[in-house]
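Visitor:
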Amino acid sequence: MDHFLYKDGVLHAEDVALTEIAAAVGTPFYVYSTATLERHFRVFDEALDGMDHLVCYAMKANSNIAVLKILGDLGAGMDVVSGGEYMRAKAAGVSGDKIVFSGVGKTREEMTLALTGGIRQFNVESEPELAVLNEVALSLGKVAPITVRVNPDVDAKTHAKIATGKSENKFGIPIAKAREVYAVAGAMKGIDVVGIDVHIGSQLTDLEPYRLAYQKVAELTAELRSDGHNIRRLDLGGGLGIPYARSNEAPPLPMDYGKVVRETVGDLGCEIEIEPGRLVAGNAGLLVSSVIYNKAGEGRDFMIVDAAMNDLIRPAMYEAHHDIVPVIEAAVGTEAAPFDIVGPVCESGDTFAKQRDMTPVADGEMIAFRSAGAYGAVMSSEYNTRPMIPEVLVKGDQFAVIRKRPTFDEMIKRDTVPEWQ
Ligand code: LLP
């Protein structure tokens, strides 16, 4: 559920008409709904009700500080994967003891930043990383709390580019090798083993892979405890999918996911952490764009819009589907027709949808891409020297720009010409 509905024929974000935002900031722009963000976070929090738990929002999905602040104020922790994300979480007011640090390539600098600024745990992904973390912690006179991310070799049945739990992926330590690695970690003076971490992929639409992975984690918990480790925390990762095509997709609900958690690891006496990103932010955001030209091609009609693959790369990168709707609702009885919806970037890959049935949208009128709140703005670039588009946050009948569009001047000034040129 989200808060983007038509009122008097105009698509709104909560109580604000998208036409009003467009008049203020121009298109294209991203718009997020506070109420939807809050609702999705609460749904997850409630799904784990009765268990000692912390929802650590995977901020890679949408890391605007205003978004983080909404979630932080509700009690969310954060899952970060870089020093930059760590700094953003801090800037949004999240305390270090609620931040978990994931990722296969943490550098010494990033470890130092987190150990000095405070950290709940590092999710360690390899033996070399473990050795370096121990060294860095000792040099700072600190002890680093860790889990080891185990790779359970489970097929998450999602797009190959976002599956992470198979042995062929770069993530984690093979679960069969886990006891060995925990023994090494347990003997390190700069390391405090607190638990186990697992994350099998993103946009999962089936709960079975979770069940399989979490059962393996439960078995490993017993084994590690018998080896003498004080396993008191389980980080179960993120990845629950959202409906991108509303007409025919119904991924499992957080409540049902919560049941799987309870059934598999609920009686181990561990504190549970989960790291949802997409499910919190995905359907809390739209990308709003204007049609520049309707162009009649040979045997197909193109809708050329002012957003492009640099603004929302998911269709080009993962063949992802985003529902696309007109901002001004078509008059009753208007016939839909197939359109190729494309951006202005000079690549054929800059295509948002092929032969999508839409009611016609005239030049200068607007469309909105749904489910664009996660992995939208954060994955954008300035390809073709297109400015990064503004992000707008709505709350009730108010809206504010939470990241402004840079001017061409600001963009160009970041380059420097060497003296010798
Ligand atoms: N935890 C870890 C360790 C992760 O690697 C990820 C996502 C998450 C949590 C959050 O997963 P979520 O709940 O958002 O599915 N750019 C891709 C998605 C990449 C996901 C990477 N890792 C996309 O646009 O579909």
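In our numbering, the protein residues as written are 586 to 1006.
Backbone N, C-alpha and C fix where the C-beta goes; we use that ideal spot for every residue, glycine too.
If you're wondering where the values come from, they're calculated on a predicted model, not measured in any experiment.
(1) Hey, out of Val876, Lys691, Ile909 and Met996, whose CA is closest to Ser832's CA?
(2) Would you mind reading off the limits of the beta strand (DSSP E) that contains Arg810?
(3) Could you check whether Arg693 and Val717 sit closer than 8 Å to each other, using their CB atoms as the reference points?
(4) Gly823 and Ala643: beta carbons closer than 8 Å?
(5) Here's the rule I'm using: 16 or more other beta-carbon atoms within 10 Å means buried, otherwise exposed. How should Ser966 be labelled?
(6) Residue range of the beta strand (DSSP E) that Leu659 falls in?
(7) Comparing alpha-carbon positions, which option in Asp896, Asn708, His588 and Val610 lies nearest Met964?
(8) Per DSSP, Val628 forms a beta bridge with which residues?
(9) What's the C-alpha gap between Thr970 and Tyr615?
(10) For the candidate residues Asp630, Tyr799 and Lys645, whose alpha-carbon lies nearest to that of Leu639?
(11) Just verifying my parser: in three-state terms, what is the DSSP assignment at Asn708?
(12) Below 8 Å, how does it come out for the region 595-603 and the region 912-925: are there three or more Cβ pairs, yes or no?
(13) Let me know the secondary structure DSSP gives Ile898 once reduced to three states.
(14) Could you tell me which of Ser687, Gln1006, Leu698 and Thr919 sits nearest to Gln706, measuring between CA atoms?
(15) Have a look at Gln1006 and Lys998 and give me their C-alpha separation to the nearest angstrom.
(16) For the beta strand (DSSP E) holding Ile909, just list the boundary residues, first then last.
(17) Do the region 724-731 and the region 746-756 make contact, defined as three or more Cβ pairs closer than 8 Å?
(18) Kindly indicate which three-state DSSP category Glu765 falls into: helix, strand or coil?
(19) Please confirm whether any heavy atom of the ligand LLP lies closer than 7 Å to the CB of Gln706.
(20) Consult DSSP for Met773 and reduce its assignment to one of helix, strand or coil.
(21) Under 7 Å from any heavy atom of the ligand LLP, does the C-beta of His597 make it?
(22) Quick one: does the C-beta of Arg693 sit closer than 7 Å to a heavy atom of the ligand LLP?
(23) With respect to 7 Å, is the separation between the Cβ of Asp664 and the closest non-hydrogen atom of the ligand LLP below this value?
(24) I'd like to know if the region 810-823 and the region 854-862 are in contact, where contact means that at least 3 CB-CB pairs between them fall below 8 Å.
Guide: Taking the structure as given:
(1) Start at 1 with the first residue of the sequence shown, and residue 832 comes out as number 247. Taking only the C-alpha atoms, the option nearest Ser832 is Ile909.
(2) Residue 810 sits at position 225 when you count from the first residue of the sequence shown. No beta strand (DSSP E) contains Arg810, which is instead part of the alpha helix (DSSP H) from Glu793 to Ser811.
(3) If you number the sequence shown from 1, residue 717 lands on position 132. If you number the sequence shown from 1, residue 693 lands on position 108. Less than 8 Å separates the beta-carbon of Val717 from that of Arg693.
(4) Along the sequence shown, read from residue 1 onward, the residue named residue 823 stands at position 238. Along the sequence shown, read from residue 1 onward, the residue named residue 643 stands at position 58. In this structure, Ala643 lies closer than 8 Å to Gly823 by Cβ.
(5) Locating residue 966 in the sequence shown gives position 381, counting from the first residue. Result: exposed.
(6) Locating residue 659 in the sequence shown gives position 74, counting from the first residue. Annotation for Leu659: no beta strand (DSSP E) segment contains it, and DSSP assigns it neither H nor E.
(7) What you label residue 964 is simply residue 379 of the sequence shown in a count that begins at 1. For Met964, the closest C-alpha among the options Asp896, Asn708, His588 and Val610 is that of Asp896.
(8) Taking the first residue of the sequence shown as position 1, residue 628 is located at position 43. Per DSSP, Val628 has no beta bridge partner at all.
(9) To locate residue 970, count along the sequence shown from 1; it is residue 385. To locate residue 615, count along the sequence shown from 1; it is residue 30. Each residue's Cα considered, the two are about 18 Å apart.
(10) The residue you call residue 639 lines up with position 54 of the sequence shown. Answer by Cα proximity: Asp630.
(11) Taking the sequence shown and counting its residues from 1, the one referred to as residue 708 is at position 123. For Asn708, the secondary structure class from DSSP, reduced to helix, strand or coil, is strand.
(12) Verdict: yes, contact present.
(13) Taking the sequence shown and counting its residues from 1, one reaches residue 898 at position 313. Residue state, collapsed to three classes: coil.
(14) The residue labelled residue 706 in the question sits at position 121 within the sequence shown. Of the candidates Ser687, Gln1006, Leu698 and Thr919, the one whose C-alpha sits nearest the C-alpha of Gln706 is Ser687.
(15) By 1-based counting over the sequence shown, the position of residue 1006 is 421. By 1-based counting over the sequence shown, the position of residue 998 is 413. Rounded to the nearest whole angstrom, the CA to CA distance from Gln1006 to Lys998 is 16 Å.
(16) Looking up residue 909 in the sequence shown gives position 324. If you look at Ile909, you'll find it in the beta strand (DSSP E) that goes Ile909 to Pro911.
(17) Counting C-beta pairs closer than 8 Å gives fewer than three between the region 724-731 and the region 746-756, which falls short of the contact rule.
(18) Taking the first residue of the sequence shown as position 1, residue 765 is located at position 180. In this structure, Glu765 counts as helix in the three-state DSSP scheme.
(19) Locating residue 706 in the sequence shown gives position 121, where the first residue counts as 1. No, Cβ of Gln706 sits at least 7 Å from all heavy atoms of the ligand LLP.
(20) If you number the sequence shown from 1, residue 773 lands on position 188. Met773 falls in the coil class under three-state DSSP.
(21) As a position in the sequence shown, residue 597 is number 12, starting the count at 1. Distances from the CB of His597 to the heavy atoms of the ligand LLP are all 7 Å or more.
(22) Within the sequence shown, the letter at position 108 stands for residue 693. In this structure, the C-beta of Arg693 stays at least 7 Å away from each heavy atom of the ligand LLP.
(23) Working through the sequence shown from its first residue, we reach residue 664 at position 79. Within the cutoff, so yes.
(24) Yes, the region 810-823 touches the region 854-862.
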